[in-house]
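J.:
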Amino acid sequence: MIRLRLRWKIAAWCSLLVVALQGIGLILFAQIGRSSAIADARMEVATAQRVFDRQIAHRAAQLSQAARVLAADYGFREALLSQDRDTIVSALDNHGGRIGADLALLLALDESVVAGSIGLPQGLPARVHQLIEAVRNRQEGSGFAVIADRLHQIVVVPVLAPVPTAWVVLGFQVEQGLVDDLRGLTGLQLSFVRRGARDDWFLDASSLPPDVGQALLARFRNASLGGEDTVAVAVADDDYVTHVHALDIGEPGEAAVVLMLSLDRALAPWERLFRESAALSAAGIVIALLASAVLGGTIAAPVMRLAGFAQRVQRGEYGGPPELSRGDEIGELADAFSAMTGEIANREARISELAYYDGLTGLPNRAWFGERLADAVGDALRSEGTVAVITLDLDRFRMVNDALGHGVGDLLLQKVGRRLRETMRDARDQVARLGGDEFAVMLPGADLHRAQAVAQRVAEVLQAPMNLSGQVVDIDASMGISACPEHGEEAAQLMRHAEIAMYQAKRGNARFKIYDPADHDRNVQRLSLLTELRHAVENDELVLYYQPKVATRPDPAHHVEALVRWIHPSRGFIPPFDFIPFAEQTGYIKYITLWVMNAAVRQCGQWLQQGLEVNVSLNISARDLLNPELPVLFDGMLQRHDCPARLITLEITESAVLDDPDHALANLQALRATGCALSIDDYGTGYSSLSYLRRMPVSEMKIDRSFVMHLLDNPNDEIIVRSTIELAHNMGLKVTAEGVESEDVLNRLRELGCDLVQGYLISKPIPREQLERWFAESHWAAAWPDAGRRTGMAGG
Amino acid sequence: MLRKVVTARRRALPGFVLCALCGLAEAAVITLRVSDSASGRALDSVVASLVPLDRGELPQPRSASIAQANKTFLPHVSVVQTGTAVEFPNNDTVRHHVYSFSPAKVFELKLYSGKPAKPVIFDKPGVVVLGCNIHDRMSAYVVVVDTPWFGISDGEGTVRVSGVPPGDYLLQLWHPRRLGLPELPPRPLRVMGDLAESVSVDLKN
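Line order of the protein sequences matches chains A and B. Going by numbering that gives the first Met the number 0, the first residue of the first sequence is number 0, and it counts up by one from there. Going by numbering that gives the first Met the number 0, the first residue of the second sequence is number 0, and it counts up by one from there.
(1) How far does the alpha helix (DSSP H) with residue 171/B in it reach, from first residue to last?
(2) Anything in chain B within Cβ reach of residue 108/A, meaning under 9 Å, just list it in chain order.
(3) For residue 694/A, collect the residues of the same chain with a Cβ closer than 7 Å to its Cβ; drop the 5 residues on either side in sequence, then sort them by chain order.
(4) Strictly by DSSP, which residues pair up with residue 564/A?
(5) Residue 533/A: buried (16+ other C-beta within 10 angstroms of its C-beta) or exposed?
(6) Since I believe residue 256/A is in contact with residue 191/A (beta carbons under 8 Å), could you give me their beta-carbon distance rounded to a whole number of angstroms?
(7) Using 8 Å as the limit for Cβ to Cβ distance, is residue 100/B near chain E?
(8) Scan the stretch 121–132 of chain B for residues whose Cβ lies nearer than 7 Å to a Cβ of chain A and list them as they occur along the chain.
(9) When we look at the beta-carbon of residue 759/A and count the other beta-carbons within 10 Å, is it buried (16 or more) or exposed?
(10) For residue 600/A and residue 643/A, I'd like the C-alpha separation in whole angstroms.
(11) Quick check: the Cα distance between residue 50/A and residue 152/A, rounded to an integer number of angstroms?
(12) Going straight from the alpha carbon of residue 708/A to that of residue 751/A, what length do you get?
(13) Residues of the stretch 150–176 of chain A with a CB closer than 8 Å to any CB of chain B: list them in chain order, please.
(14) Would you list, in chain order, the members of the stretch 67–89 of chain A that have their beta-carbon closer than 9 Å to a beta-carbon of chain B?
(15) According to DSSP, which residues form a beta bridge with residue 597/A?
(16) Alpha carbon to alpha carbon, how far is residue 467/A from residue 402/A? Give it in angstroms, no decimals.
(17) Using the Cα positions of residue 730/A and residue 399/A, report the straight-line distance between them to the nearest angstrom.
(18) Is there a Cβ from chain A that is less than 8 Å from the Cβ of residue 44/B?
(19) Quick check on DSSP: helix, strand or coil for residue 23/B?
(20) What does residue 135/B reach in chain A if we use C-beta pairs closer than 9 Å?
(21) Mapping DSSP to helix, strand and coil, what is residue 590/A?
(22) Would you kindly work out how many angstroms separate the C-alpha atoms of residue 106/B and residue 99/B, rounded to a whole number?
(23) Which ranges would you report for the beta strand (DSSP E) in the stretch 101–167 of chain A if only whole runs of at least 3 residues count?
(24) Based on DSSP bridge pairs, tell me the residues matched to residue 340/A.
(25) Residue 138/B touches chain A at which residues, Cβ-Cβ below 8 Å?
(26) How do the stretch 269–276 of chain A and the stretch 25–35 of chain A stand: do at least 3 beta-carbon pairs fall below 8 Å, yes or no?
(27) What do you reckon, are the CB atoms on residue 163/B and residue 190/B nearer than 8 Å?
(28) Using DSSP with H/G/I as helix, E/B as strand and the rest coil, what is residue 5/A?
(29) Whose CA, out of 142/B, 85/B, 161/B and 132/B, lies closest to the CA of residue 115/B?
(30) Taking residue 108/A as the reference, which of 96/A, 159/A and 101/A has the closest Cα?
(31) First and last residue of the beta strand (DSSP E) that includes residue 130/B?
(32) Please state the DSSP three-state secondary structure of residue 723/A.
(33) Can you tell me whether residue 120/B is helix, strand or coil according to DSSP?
(34) With DSSP run on the structure shown, which of helix, strand or coil describes residue 317/A?
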């Protein structure tokens, strides 16, 4: 297509140009040729006319001379003057015949006819007398005259005896021979035309073919020719340059000689030139066509090669550049193509690197690993070989990251990557970082036994302490092992199974675990769990339990923490640990949170209506904190259930803010703006910095149970708890301690200034009915029945 | 058209007439002055002849001679009485072939030198043009008249005719340039004594 289009386009335009130029040239040539031929023909006719005049004059002179000689012949004179008519006539015949005269007349000096070789019924034409008069005046005595109805060239000479004593008139008829002679001399067509007494034109003699002669006469008849003129006219089917030369024949009638040059003849050389030129033009056009086709080809062919090259590049073949060693623009284009594809290849390699490699560790990433694994699985299946996969997850990486900072975390990951790579013995073994603290190892050709050996080695290698920027860190990892074909014949399946095994290992505190299909079943359970969880939310299978909190100082208000529980219709009570992390993983926590929030606000409102003012706190997950709709929804719930915001406390973990601090903090501000209180849950387990803490609009801090439980045994814990309480109070926050299980701990906490306590010592989480009973019956609930004043802030 | 002006001096005209009638008078001399009627100039070579109306006994013609010298006829113009024998002596060293195709006298003297044996008798009145067949440029005129009284005008246009007896005559005039033209109408002239007349000749018509 491209070849045809470009090549023939170039050819067509070139040819068009050549044809146009040649055409214009030929037209000009033809026009110039014609006008030039006509001019030439006119010149030729003019020349011919002069030749004709000269020829006629010459002939007249010759005839005159001959006549004079004749008239001087003694015997002729003797006969003429013999007075004997018969003798005279015979002498005229005889002597006239000597010089080829067609007629001979003898006139007396008074110009009366004495005798003649022919009869003259119409008398002597006036033209003869004119000629005699001319001779008397010593002029040429010759001319044309019509005698006996025929056009003659006549000569008048005196008969000298020795003085002029008579006139001899000799006539030479204008006939074909004369015309042919003149035609031979002038090269033109010659016609003697004459108008007779009856006013009709006829030819006396003509070199023209009869039909053309008649056509010429027709032109005289309709008076389109006449006089003395040189014109180009069409006669019969031909164009002639025609010169009409009037002949003086005296009265009556008129006569003319018509000289005609056929334009066809005059144009003939031009036409031959024109034909040759046209042939040359045609040849030129053909050559131009071929040349432009070749030219088009020389342009189109490299373009085609470039196009082919571009198509190869499109298919991803960056091989050799198009072979065009040319210095012209197409060569430059080819060079540009080469440079471009080089750059594209480089960039593609870089993109591939980004796509397939992990920038931090320099290891291949999950995508790359997946593809290579698929290849390896394919190879294994074809060759009835094996492939083993080990997935590896670092334990407590998050802690390291949070405690020592991201920089150290990154160093740790790099070091782990390096160690993993160094552990591999087989060149085919591949290590990849799947993301976060998750790594994978592919062992082509390895069975489970060897995979286990590798895992064992990895575990040992990782156990060695690592020095990270001067910090010595111990690290453990959990590994899962799966192998093809035992555990699957697809890469993704192997990966999934290895990961399941890895979770099992983590859960079971083992270093590594080989995939067990039973684990998989549990996994499948998890999937159905999501369906059931959705069902539970929609069908109110969830219920709220409440764990009371008690103030360490007199406080009239009730404080409870609302906790969600799932009562499965068939499976019964499902502990939060079994579905909350799962819900957080899948994002379904969002709906659970909304359900909890709504139920808690509603309950709070109801209690208030019953005259029971209960401060209800509820937990917000990290994910919820990023839900921008939450503040609006929450506000809507408060309105709907007539619940004052001040009675609601939203508990968040420190770490919830860390994932996306900007959005999380903005959302916290919006929630705070509804009027509710915010609380930091599980304080001490995260590693948030004080700067975040200060930016969070919280009014309460909850100390994690792990610090509280061993408060009395572990001096470190007491230091942490005390400093936390001091810190909180310094920041104007209220402090709640979780996990209070003994009176001693309670007392100690009171001493330390903790504001609220919560734990099994007071009550475990209980349903609403029990709680209401607890409010009425428990001595804890009545601990400060008449305290009157609500304790909020402990200084500031 | 013939135009003729005659201015006669008629001195004692009645006396002449009486003399003629009585036949006792002496022969007269007639003097004519000839001019060209067109230009009025004196005209030479005019042949004037007086032909008597009364054709009585005329004297015998005298002989005449037209010589050729230097390829020229001498004289160029001659007038002779009818029946005159004219000699053609050739004084040139070359031969001549004298001829005439004039109706009044057709003759030829073939190549000769010296004097031909016989003279040529001009026996009819008229104009005879002489030529030489050898020398086209030679020409001469011989006017043959039926009278012995004639003359040719000289360079001054004067013609003298003497010995003319009294009587009635027709004056006939001719000039070579009138060759081929009709004869001029003769003019009657009564001679009773010497007479001098002026006449004009029309050369064109």
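Every residue gets a Cβ at the ideal spot worked out from N, C-alpha and C, and that includes glycine.
T.: On the basis of the coordinates in this document:
(1) Where residue 171/B is concerned, there is no enclosing alpha helix (DSSP H), although the beta strand (DSSP E) around it starts and stops at 166–173.
(2) 178, 179 and 180
(3) 664
(4) 542/A
(5) exposed
(6) A Cβ-Cβ distance of about 6 Å is found for the pair residue 191/A and residue 256/A, placing them in contact under the 8 Å criterion.
(7) In the structure shown, chain E does not exist; the protein chains are A and B.
(8) Within the stretch 121–132 of chain B, the residues whose Cβ lies closer than 7 Å to some Cβ of chain A are 128, 130 and 132, listed in chain order.
(9) exposed
(10) 9 Å
(11) Annotation: residue 50/A to residue 152/A spans about 17 Å, alpha carbon to alpha carbon.
(12) 15 Å
(13) 159, 160, 161, 162, 163 and 164
(14) The residues in question are 71, 73, 76, 77, 79, 80, 81 and 82.
(15) For residue 597/A, which the question treats as bridged, DSSP gives no partner whatsoever.
(16) 13 Å
(17) 27 Å
(18) Chain A contact via Cβ: absent.
(19) Confidence at residue 23/B is low in this model, with a pLDDT of 47, below 50, so its placement is unreliable and no value can be given for it.
(20) Near residue 135/B (Cβ distances below 9 Å), the residues of chain A are 71, 159 and 161.
(21) helix
(22) 5 Å
(23) The stretch 101–167 of chain A contains, as complete beta strand (DSSP E) runs of 3+ residues, the segments 102–107, 112–115, 141–146 and 149–159 (chain order).
(24) According to DSSP, residue 340/A bridges with nothing at all.
(25) 161 and 162
(26) Taking a cut-off of 8 Å on C-beta distances, the stretch 269–276 of chain A touches the stretch 25–35 of chain A, as three or more cross pairs fall below it.
(27) yes
(28) helix
(29) Checked all of 142/B, 85/B, 161/B and 132/B; the closest Cα to residue 115/B is 85/B.
(30) 159/A
(31) 125–131
(32) helix
(33) strand
(34) coil
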